[in-house]
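Inspection log for the structure reproduced underneath, given as C-alpha cells.
Chains as they are written, first to last, in this note's numbering: chain X, 734 to 1127; chain Z, 4 to 95.
Spelled out as C-alpha cells, the structure:
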C-alpha cells in the first residue's frame, strides 16, 4: 500500500515551534515580503474566528483584530521537515517528500517488520513526533492515500481499500484535486462540487472542456493510477555554522564569513572528494526568524570559486542583520575512487606534523583551545571588530 | 531499508580577537594617563580618537593613548567616553 503523511499548515507549525504560546492564540503566517498580502496557514483559534488561509491581510485583521502575524521561518521549517523524514527513514520507511508537510512511502517492505499494516502506520505516526498533528492515509493508489490523509483527524490513520476507493472519494470536495482556482470555479459553476460528480462525467466531455488538466483531474477523481513511490536518497548533509559575537549586517563581513565556511566545508574529510550538487546558505536573523537560500549546481563541482559565485550573491538578499551563518552541502555526488600518490606532495609531512601537534594541544587543553583568526572587517576603525577567533576542532 | 546518510555538522562559536581588557589608569587634569596598572607613564607617544557607530544603539566614542611605561613596556589604552572606564587593547 501507499501511505501519505500530511501535516496541514506545516510552515506555520514550524514557525510556531519557537513560540509555542502562539499556538493557542489566533495566529496566521504573514505574507512573504514583497508579495501579494495574502495570509498563509492559520491556527485553529483564528479559523474559529472566520480567518481563512489565502485571505487578504486587511480582511483577516478586520475579522480578527487580535490576529498575530507570524513571520515565516524557512530554515526552521526545512530543518524540522528534514528531521521528520530522517526519523521515518530511521524507522525503515523509504520516503518521497512531495513538499514540506506531505510525504509518501510504501508500506509493503516494513509491514512484516512491525506486524501488519496498521502497526506499521502507527509506528510511522510515532516517528513523526508530538505536536505536529500529523495524519496518515493509506490506499493502493497514491491520490486516494492523499485524500485519506487530508480527511483523517490529527493522529488518525485512515486506510482505504481498493474496492472502496471510488465510494470513499465520491463525497470529497474538488479542492483536493491539483486544479487551479479558475478551473475549480468553472467546475463549481457547472454544478460539479464533489469528486464523485466529476467522476460520473464522460471523459471526452471533461477533456474537451477543461483540457489535459481536466482529464487528469477526472482520472484522479476515479481513483487515479496506482503510481510508484520513489524513495529519496537521504542527503549526505555536511554543514558548518559560524555564530557571531554580535549581529552582523555588513555584506562584506558576511561574504568573508561565508568564504571561511566554504573553505572549511570543502576541507572536511567527510566530503571524501565528492562534488557538490546542491548547497544551501541559511542564517538566523537578529530578533528571531531565519533566512535560507538553496542552489542546485548545473554541473556538480568542488571548485571554491564556482560555489562562491553561485551562493555568495544570495547574501545580498538577507533581510536583516544575522547572528549566525550556516552553509550546508545538501547533496553530494557519489564517492569517487582516490588516486594514490607515488610521491608525497611538498609540505605534506609538515602538514601531518602540524595536525598531530594541534591534536595534542586540543587533547591536553580541551575543545576550543585551538582557533583560527578570521578577518571579517579589516577596514573597521574598532580594533576588536576586525577579526574573529574561530575554534578549530576538526 | 534506508542507508545511513552520515549527517555531520560543526557549529563554531566565534569570539572577538583583541577584545579590550579593563585597565587601572590614573589620569592627569587634561585626561592623559599618569599611571597604568600602578606603573608610571614615561612617554605619551600618540593620542587619537575613534568615533563610530553613532547611528546605532551601541555608539563607540574612545580616546586612545599609545604609551611607553617606566618599565619600557609599550601599551595602548583608551577611555570609553560612552560608558566610562579605561581599557587596554592589543592589535590597535
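Glycine included, C-beta positions come from ideal geometry on N, C-alpha and C.
In this text, all values refer to a predicted model and were calculated from it rather than measured experimentally.
| task | Check whether the Cβ of residue 62 (chain Z) lies closer than 8 Å to any Cβ atom in chain X. | result | Stepping through the second chain from its first residue, residue 62 (chain Z) is reached at position 59. Nearest CB-CB separation between residue 62 (chain Z) and chain X: not below the 8 Å threshold.
| request: Using three-state DSSP, classify residue 1029 (chain X) as helix, strand or coil. | output: Mapped onto the first chain, residue 1029 (chain X) falls at position 296. In the structure shown, residue 1029 (chain X) sits in a strand (DSSP, three-state: E or B).
| task | Just mark residue 32 (chain Z) as buried or exposed, buried being the case when its beta carbon has 16 or more other beta carbons within 10 Å. | result | Taking the second chain and counting its residues from 1, one reaches residue 32 (chain Z) at position 29. Residue 32 (chain Z) should be labelled exposed.
| query | Who pairs with residue 59 (chain Z) in a beta bridge, going by DSSP? | reply | Your numbering for residue 59 (chain Z) matches position 56 in the second chain. DSSP, once it has assigned bridges, lists no residue as partnering residue 59 (chain Z).
| said: By the 7 Å beta-carbon criterion, what residues does the region 1094 to 1114 of chain X contribute toward chain Z? | reply: Identification of residues in the region 1094 to 1114 of chain X having a C-beta nearer than 7 Å to some C-beta of chain Z yields 1106 and 1114, given in sequence order.
| request: Starting from residue 1033 (chain X), find everything on chain Z with Cβ-Cβ shorter than 8 Å and list it in chain order. | output: Stepping through the first chain from its first residue, residue 1033 (chain X) is reached at position 300. In chain order: nothing, as chain Z lies at least about 18 Å away.
| query | If you drop the 5 nearest sequence neighbours on each side, which residues of the same chain put their C-beta closer than 6 Å to that of residue 859 (chain X)? | reply | Taking the first residue of the first chain as 1, we reach residue 859 (chain X) at position 126. Counting only Cβ-Cβ distances below 6 Å, and skipping sequence neighbours, we find nothing.
| field | residue 822 (chain X), buried or exposed, once every other Cβ within 10 Å from all chains shown has been counted against 16 | value | Walking along the first chain from the start, residue 822 (chain X) turns up at place 89. Label assigned to residue 822 (chain X): buried.
| query | Any beta-carbon of chain Z closer than 8 Å to the one on residue 974 (chain X)? | reply | For the purposes of this step, residue 974 (chain X) is identified with residue 241 of the first chain, where counting begins at 1. Cβ-Cβ to chain Z under 8 Å: yes for residue 974 (chain X).
| request: Report the rounded CA-to-CA distance for residue 867 (chain X) versus residue 950 (chain X), giving the unit in angstroms. | output: Residue 867 (chain X) sits at position 134 when you count from the first residue of the first chain. Residue 950 (chain X) sits at position 217 when you count from the first residue of the first chain. Roughly 26 Å between the two C-alpha positions.
| Short CB-CB distance (under 8 Å) between residue 82 (chain Z) and chain X | Here residue 82 (chain Z) refers to the residue found at position 79 of the second chain. With 8 Å as the cut-off, residue 82 (chain Z) does not count as an interface residue toward chain X.
| Start and end residues, beta strand (DSSP E) containing residue 1104 (chain X) | The residue you call residue 1104 (chain X) lines up with position 371 of the first chain. Note, residue 1104 (chain X): beta strand (DSSP E), 1104 to 1108.
| task | Please state whether DSSP places residue 43 (chain Z) in a helix, a strand or coil. | result | Here residue 43 (chain Z) is taken as the residue at index 40 of the second chain, counted from 1. In the structure shown, residue 43 (chain Z) adopts extended strand secondary structure according to DSSP, grouped into three states.
| query | Taking Cβ-Cβ distances shorter than 9 Å, what residues in chain Z pair up with residue 1121 (chain X)? | reply | Position 388 of the first chain, counted from the first residue, corresponds to residue 1121 (chain X). What residue 1121 (chain X) touches in chain Z: 17, 18, 19 and 20.
| message | Helix, strand or coil, according to DSSP, for residue 922 (chain X) in the structure here? | response | Residue mapping note: residue 922 (chain X) aligns to position 189 of the first chain, counting from 1. In the structure shown, residue 922 (chain X) falls within a helical segment according to DSSP collapsed to helix, strand and coil.
| field | Classification of residue 762 (chain X) by the beta-carbon crowding that lies within 10 angstroms, buried from 16 upward | value | If you number the first chain from 1, residue 762 (chain X) lands on position 29. Buried.
| said: Rounded to the nearest angstrom, what separates residue 83 (chain Z) and residue 1046 (chain X) at their Cα positions? | reply: Working through the second chain from its first residue, we reach residue 83 (chain Z) at position 80. Working through the first chain from its first residue, we reach residue 1046 (chain X) at position 313. Distance between the alpha carbons of residue 83 (chain Z) and residue 1046 (chain X) is about 37 Å.
| What is the DSSP secondary structure of residue 1122 (chain X), reduced to helix, strand or coil? | By one-based count along the first chain, residue 1122 (chain X) stands at place 389. Residue 1122 (chain X) sits in a strand when the DSSP states are folded into three classes.
| What three-state label does DSSP hand residue 1080 (chain X) in the structure shown? | Translated into the one-based positions of the first chain, residue 1080 (chain X) becomes position 347. In the structure shown, the three-state DSSP call for residue 1080 (chain X) is coil.
| said: Distance check for residue 1004 (chain X) and residue 1075 (chain X), CA to CA, integer angstroms please. | reply: What you label residue 1075 (chain X) is simply residue 342 of the first chain in a count that begins at 1. What you label residue 1004 (chain X) is simply residue 271 of the first chain in a count that begins at 1. The alpha-carbon separation between residue 1075 (chain X) and residue 1004 (chain X) amounts to approximately 23 Å.
| said: So residue 23 (chain Z) and residue 979 (chain X) are supposed to be a Cβ contact under 8 Å. How far apart are they, rounded? | reply: Start at 1 with the first residue of the second chain, and residue 23 (chain Z) comes out as number 20. Start at 1 with the first residue of the first chain, and residue 979 (chain X) comes out as number 246. About 14 Å; that fails the 8 Å criterion.
| request: Determine the burial state of residue 773 (chain X): buried for a count of at least 16 other Cβ atoms within 10 Å of its Cβ, exposed for fewer. | output: One-based indexing of the first chain puts residue 773 (chain X) at position 40. With 16 or more other Cβ atoms within 10 Å, it is buried.
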